[in-house]
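Notes follow the structure.
Protein chains: 2
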Amino acid sequence: MLAADLEKPAMRSYLAAAKDFASGALTPRQFLEDSVKLFEHWEPKIGAFVYTNLPAARAAADRSTERWRAQKPLSAIDGMPVGIKDIIETVDMPTEMGSPLFAGWRSEKDAASVRALRDAGAVIVGKTVTTEFAASEPRGTCNPWNLSHTQGGSSSGSAASVAVGIVSAALGTQVIGSTIRPASFCGCVGFKPSVNAINRDGSHDYQSQSCTGILGASLDDVWQVAYEIVDRVGGDAGTPGLQGPPRAPTPRKPQALAVLETAGWDAATPNAKAQLNDYVARLKSAGIAIRTRYDDKEVAALERELANAAELSHRCNGWEGRWFFRVMVDRDASKLGPITRERTSKYDGLTLAEYRADLKERARIRAVHAALAARCDAAITLAAPGAAPEGLGSTGNPEFAVPSSLLGVPSLSLPLFEDDGMPLGLQVIDNFDRDADAFAIASWLESWLMQAG
Amino acid sequence: MLAADLEKPAMRSYLAAAKDFASGALTPRQFLEDSVKLFEHWEPKIGAFVYTNLPAARAAADRSTERWRAQKPLSAIDGMPVGIKDIIETVDMPTEMGSPLFAGWRSEKDAASVRALRDAGAVIVGKTVTTEFAASEPRGTCNPWNLSHTQGGSSSGSAASVAVGIVSAALGTQVIGSTIRPASFCGCVGFKPSVNAINRDGSHDYQSQSCTGILGASLDDVWQVAYEIVDRVGGDAGTPGLQGPPRAPTPRKPQALAVLETAGWDAATPNAKAQLNDYVARLKSAGIAIRTRYDDKEVAALERELANAAELSHRCNGWEGRWFFRVMVDRDASKLGPITRERTSKYDGLTLAEYRADLKERARIRAVHAALAARCDAAITLAAPGAAPEGLGSTGNPEFAVPSSLLGVPSLSLPLFEDDGMPLGLQVIDNFDRDADAFAIASWLESWLMQAG
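Just so you know, the sequences run in chain order A and B. So the first sequence is numbered by the numbering used here: it starts at 1 and just counts up by one. So the second sequence is numbered by the numbering used here: it starts at 1001 and just counts up by one.
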C-alpha cells in the first residue's frame, strides 16, 4: 500500500496504482483511505474543500473494490478518488459556487460530467473550493507548496487537492485561465479541452469559451477521466465531443513547434524565461523546428492578435454573464466580492451589437491561429509568469493561460519547471479538436525531458 | 379599458393596447387587472399556472404605469403581462419542471430570458404548467376551447393562458413540437426560433435542438417579446442570436412556397387537409408558385428525409438527456411518469458513436432542407393534424411540428384554420437564421387571408 506523504505535496496517480487492483495487492478502498489520511493532514492547512461526503466515498470505494475483485471494473478509473469544483452540480452535496448567495443551495441533480464519473465508478470525495462564481474573487485556499502563496484560481481546491494527493483528479473549469494557471502554481497536470469537448450541462459557467477542465496527477489520469466522461455524456449537446483513443495517446515527437510569448511575457520572471528558453534550445538540438515571433511572420501575426486576448475574453464573458450578475446584484449586492462588483459594473453597458462584433473578432483571431496548423504541430509557452505569487488576495496573472481560452483550443500544463522553489508549468497548446494530439505531444515532451535529464 | 371576455377564449394583444398608454387612456396596471379577472375566471377551469405572484405583478405594473406616464417606457413590451413555462428559472418563484422531484425547488436566480423580460419592463404573472421535464407526460392543463381536450404539450399552460388573454405572451420551449403544437391547439401564435437564437441559460432543456419558444396573442406581440429578450441577453452564448428589426417585420409576399405534408399527413383529419389544400389553391391563384412532393424533386427528397424526423429527434434528445434521467431514476423512479420512464429506458443504451452518427445524419438532412432555400421562400404546412384531440392523457400528435425542430429552423403557427369547432394552425417554416423573414411572410399570409375572406 502507498504510504501517504505528509512532508511535502506529492501527487498520487490512480492509473499507476490500478495495476495492483486486479491482483488484489491494493484495493480502491485502501487507496481511498490514504486519501482520507492526506485529507486530514492537509485540509486544515490548505482549505481545498467546501464539502466532503466521506461515508458515501467509502461506500463507493467498497463497491469498486468488489468490482475489481470480480475483474469487472466499470472503467479504468473505477474507484478513482475525484474532486468536483463547487461550480458543478452534485445531487448529494450543495453547490455553493463560492458565493454566500448560494450557501447550502442544492441543485437536486448531478451535472452531466459528475453523473458520467459515477457511472464510470469514480469515487466523489467532495466539492472543491472555487473562487466566487468561478471568477476572480479568491476563497482562501492556500498553495500547498507555500501556504502564504495563492494556489491560483478559479479551480482553487481542485488544483490544491490533486497536488497533495487527496484525489487523483478533479474537475475544474476555465474561461480565462482557471485550469492552466492553478495547475501551474500547484504543480499538477492541467487540461483545458477544445471548447465544447466535455459536456458542461449542470456546470454554472455560462460563457461560450468556458470549458470543463481536468486537473490530475499525470497525463494518463487526466486523459482517462476526460475520456470516460465523454464516452458516457459526450461534449456539449450537439457537438461530437472529445476525440481520441480509450487509453492515453502514445507519445509523438513533434516536427515543428511555435513558441509563444503571449501578453504575459513582460510579467514573466527572469528564471521562468530562462527555463523556457533553455528548454526550447534543447528541443532545437533534438531536431525540432522552432518558430517564434522573431523569425516567423505567421507566429508574429498570432502574437499581435493575442496581445488583447484577456480584454476580448472579458468582454465576451461580460456580455454572456451579465444577466446572471444583474440578478445577483438585485438579490444582495453586499454579498458579492469587490472584484466581481467591479468587473460586473465594467461590462454592464455592452450592447448586443458590440457582442456580435466581439464574436466576429474572436472568430477572426481563431482563424489566424488555425492557419498556423499547417506549419506547427503545436505551440508551447509558459503556463504562468512564474511561481505562485505571495498573498491570498489575488489568484495571480492569467495572461499565459488566456490564449487557449480565447482560441477555443486544447491546452495542457505540465509540471516540468520550477521557480522560487515552487512548481511552474510548461504549456502545450494544440489546434481545435486535436486534444488527443496535445496529449501525445505533451507525453513526448515530458518523457524526453526526463530522459534528457 | 378592455372588458375581459369571459364567454370564450379571446387573446389580448398588448402591443395593440399600448398605443393608449402614452395618452393615459389605459394603463399597464388596468391591463393587468383584466388579466387578474381572466385568471380568476379561467384558471379554475383550465389549470394553466403552477404558481403566480400577483402582488409582485401588480407592483411591476404600477412601475410600468409610471414609466409610460413619464413617456419613458423601457421597451415596447414595458408592462406586458407574461407567463413563464415552469421549466425556466425565476428568482422569485419555484421552478418545478412538472415533476414532484422538484416540488418547491428554487434556482435562486432568473433564467437569462426572464431577466431580459424584467429589464424590458414586462410583468411576470407566474409560472405556467409544463409537462414533466418538458417531455410528454401531461400535467392536467385543459384546452380552453373544450375542457375535455388536451391543450397540447409541453408548453401547456403558456398556450392556454395566452389563449384566454390572461397574458399577452408566454415563454415556452420546443425540442419536438412543444410550442407549435399547443399554439395550434389553443389558437394562439406560436414561434419556434432558429436553434440557439434565444438565450436558453437557466432553462432546463438540455437538448441541442431545443429552443425557447414564444406563444402570444399576435405576430407583433411575439416578435416584440423575442426581440426585447435577445436585445438584452442575446442568443445562446457564443451565437449572434435572433436577427431582425426592432419592430415586427413588415409583410412580404413570397414568390414561391413549398407545401410539406411531413410524416403527419396520414394522421391529418379530412377537414384539416381540405383547409390546407383550399388555402394553397388560393395562394396559387394569387400568383405564388407552389412546390410539393408531387411536382418537385427537391421537395420530394426533403419529405423522404423528414419521414423519420421524430425518431431521429428522439434519439438525439435521448442521448443528450440521458444523464439527467439517470439521476432522476436514482433519486426516485416512482416519481417519474410512465411515458418518461418508458422513453428513458428506450434510449438509455445509446452509445457515443451512435450519437455522433445521429448528429451527422441530422446535419445531412439540414443540408437537404437548406438547398431548397434557393427556390422556395419558405415552406407551409399544418401545425397539427387537426383540432386538439379529446382526453388529457396525451398531448397529441407532434409530427407536423417536428420538422422545424430537427432542422433547427424558425417556424410559426398562425391561428388561421379551424377543425371540429376548435382552432388549428397554419405553419410557416423558414430557413435557418431567417426568423424575421418567417414573420414577414406569416404576416403577409395572415393579412392576405383576412382580406381574401
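Glycine included, every Cβ here is placed at the ideal spot set by N, Cα and C.
Suppose you measure from the CA of residue i to the CA of residue j; what does that come to, to the nearest Å?
i                 : j                 : result
Val1091 (chain B) : Gly1202 (chain B) : 11 Å
Gln1243 (chain B) : Asp1433 (chain B) : 7 Å
Ala300 (chain A)  : Gln275 (chain A)  : 22 Å
Glu305 (chain A)  : Val368 (chain A)  : 8 Å
Arg67 (chain A)   : Ile229 (chain A)  : 19 Å
Ser136 (chain A)  : Gly287 (chain A)  : 41 Å
Arg29 (chain A)   : Gly126 (chain A)  : 16 Å
Ala373 (chain A)  : Gly165 (chain A)  : 36 Å
Met1001 (chain B) : Ala1057 (chain B) : Any answer about Met1001 (chain B) is weak, because its pLDDT of 41 lies below 50 and its placement is not dependable; what the coordinates show is given next. Straight-line Cα distance between these residues: approximately 19 Å.
Arg315 (chain A)  : Thr1027 (chain B) : 39 Å
Gly540 (chain A)  : Lys109 (chain A)  : Any answer about residue 540 (chain A) is impossible in this case: the structure gives chain A only from 1 up to 453.
Leu1292 (chain B) : Leu1074 (chain B) : Residue identity check: residue 1292 (chain B) is Thr in the sequence provided, not Leu. Roughly 45 Å separates the two Cα atoms.
Trp323 (chain A)  : Leu1283 (chain B) : 44 Å
Asn196 (chain A)  : Gln174 (chain A)  : 12 Å
Asp437 (chain A)  : Arg366 (chain A)  : 18 Å
Ser13 (chain A)   : Val222 (chain A)  : 10 Å
Asn1317 (chain B) : Thr1344 (chain B) : 10 Å
Gly238 (chain A)  : Ser1113 (chain B) : 21 Å
Val1327 (chain B) : Asp1348 (chain B) : 12 Å
Ala1159 (chain B) : Ala17 (chain A)   : 58 Å
His1204 (chain B) : Asn1277 (chain B) : 38 Å
Ala25 (chain A)   : Thr65 (chain A)   : 11 Å
Met101 (chain A)  : Arg341 (chain A)  : For clarity, residue 101 (chain A) is Leu in the given sequence; the question names Met instead. Rounded to the nearest angstrom, the two C-alpha atoms are 14 Å apart.
Ile77 (chain A)   : Pro251 (chain A)  : 21 Å
Ser154 (chain A)  : Pro138 (chain A)  : 8 Å
Ala1120 (chain B) : Asp34 (chain A)   : 55 Å
Leu1445 (chain B) : Tyr1227 (chain B) : 21 Å
Tyr1279 (chain B) : Ala1357 (chain B) : 39 Å
Lys1335 (chain B) : Glu1399 (chain B) : 28 Å
For a quick check, are the C-beta atoms of residue i and residue j less than 8 Å apart?
i                 : j                 : result
Val402 (chain A)  : Leu414 (chain A)  : no
Ser168 (chain A)  : Pro94 (chain A)   : no
Leu1416 (chain B) : Leu1382 (chain B) : no
Ile1124 (chain B) : Ile1084 (chain B) : yes
Phe942 (chain B)  : Glu1043 (chain B) : Within the shown structure, residues of chain B are numbered from 1001 to 1453, placing residue 942 (chain B) beyond reach of any answer.
Pro385 (chain A)  : Ala268 (chain A)  : yes
Pro1249 (chain B) : Ser1411 (chain B) : no
Thr1395 (chain B) : Thr1131 (chain B) : yes
Gly152 (chain A)  : Arg181 (chain A)  : yes
Glu1418 (chain B) : Leu1424 (chain B) : yes
Ala1111 (chain B) : Glu1096 (chain B) : no
Ile214 (chain A)  : Ser405 (chain A)  : no
Gly391 (chain A)  : Thr212 (chain A)  : no
Gly190 (chain A)  : Ala163 (chain A)  : no
Ala1289 (chain B) : Gln1255 (chain B) : yes
Glu298 (chain A)  : Arg200 (chain A)  : no
Ser313 (chain A)  : Gln209 (chain A)  : yes
Gly216 (chain A)  : Val225 (chain A)  : yes
Asp430 (chain A)  : Pro193 (chain A)  : no
Gly104 (chain A)  : Val129 (chain A)  : no
Ala1263 (chain B) : Ala1307 (chain B) : yes
Since residue i contacts residue j with CB under 8 Å, what's their CB separation in whole angstroms?
i                 : j                 : result
Leu302 (chain A)  : Ile380 (chain A)  : Incorrect: roughly 13 Å between the Cβ atoms, too far for contact.
Leu260 (chain A)  : Phe439 (chain A)  : About 19 Å; that fails the 8 Å criterion.
Thr179 (chain A)  : Gly157 (chain A)  : In fact, because the Cβ distance is near 13 Å, the residues do not count as touching under 8 Å.
Leu1122 (chain B) : Ile1087 (chain B) : In the sequence as displayed, the identity of residue 1122 (chain B) is Ala instead of Leu. That belief does not hold up - the Cβ atoms of Ala1122 (chain B) and Ile1087 (chain B) are roughly 18 Å apart, past 8 Å.
Pro1476 (chain B) : Leu350 (chain A)  : Here chain B has residues from 1001 to 1453 only, and residue 1476 (chain B) is not among them.
Residue i: beta carbon under 7 Å from a heavy atom of the ligand FAD?
i                 : result
Tyr1294 (chain B) : Of the ligands one can find in the structure shown there are none, so the ligand FAD has no counterpart to examine.
According to a CB-to-CB cut-off of less than 7 Å, which residues of the stretch 349 to 378 of chain A neighbour chain B? For the stretch 349 to 378 of chain A, which is checked against every Cβ of chain B, the residues closer than 7 Å are Leu352, Tyr355, Arg356, Leu359.
Mind listing which residues of the stretch 1224 to 1237 of chain B have their C-beta closer than 9 Å to chain A's C-betas, in chain order? Correct list: Val1230, Asp1231, Arg1232, Val1233, Gly1234, Asp1236, Ala1237.
Could you tell me which whole alpha helix (DSSP H) segments of length 4 or greater appear in the stretch 1384 to 1418 of chain B? If you keep only unbroken alpha helix (DSSP H) runs of at least 4 residues inside the stretch 1384 to 1418 of chain B, you get 1402 to 1407.
What residues from the stretch 44 to 75 of chain A come within 8 Å of chain B, judged by C-beta to C-beta, listed N to C? If the cut-off is 8 Å between Cβ atoms, the stretch 44 to 75 of chain A has nothing near chain B.
Can you list, in chain order, the residues of the stretch 321 to 351 of chain A whose Cβ is nearer than 9 Å to any Cβ on chain B? Listed in chain order, the positions of the stretch 321 to 351 of chain A with a beta carbon within less than 9 Å of a beta carbon of chain B are Gly321, Arg322, Trp323, Phe324, Arg326, Val327, Met328, Asp330, Arg331, Thr351.
Residues, ordered as in the chain, of the stretch 102 to 119 of chain A that lie near chain B by beta-carbon distance below 7 Å: Answer in chain order: Phe102, Trp105, Glu108, Lys109, Asp110, Ala112, Arg115, Ala116.
Contained beta strand (DSSP E) runs [length at least 3] in the stretch 145 to 230 of chain A, N- to C-terminal order: For secondary structure counted as the beta strand (DSSP E) over 3 or more consecutive residues, the stretch 145 to 230 of chain A holds these complete runs in sequence order: 146 to 150, 169 to 174, 189 to 192, 211 to 216.
Closer than 7 Å, Cβ to Cβ, to anything on chain B: give me those residues from the stretch 198 to 214 of chain A, in chain order. Of all residues in the stretch 198 to 214 of chain A, Asp201, Tyr206, Gln207, Ser208 have a Cβ within less than 7 Å of some Cβ in chain B.
Length-filtered (3 minimum) beta strand (DSSP E) runs lying within the stretch 309 to 383 of chain A: Within the stretch 309 to 383 of chain A, the complete beta strand (DSSP E) runs of at least 3 residues are 378 to 382.
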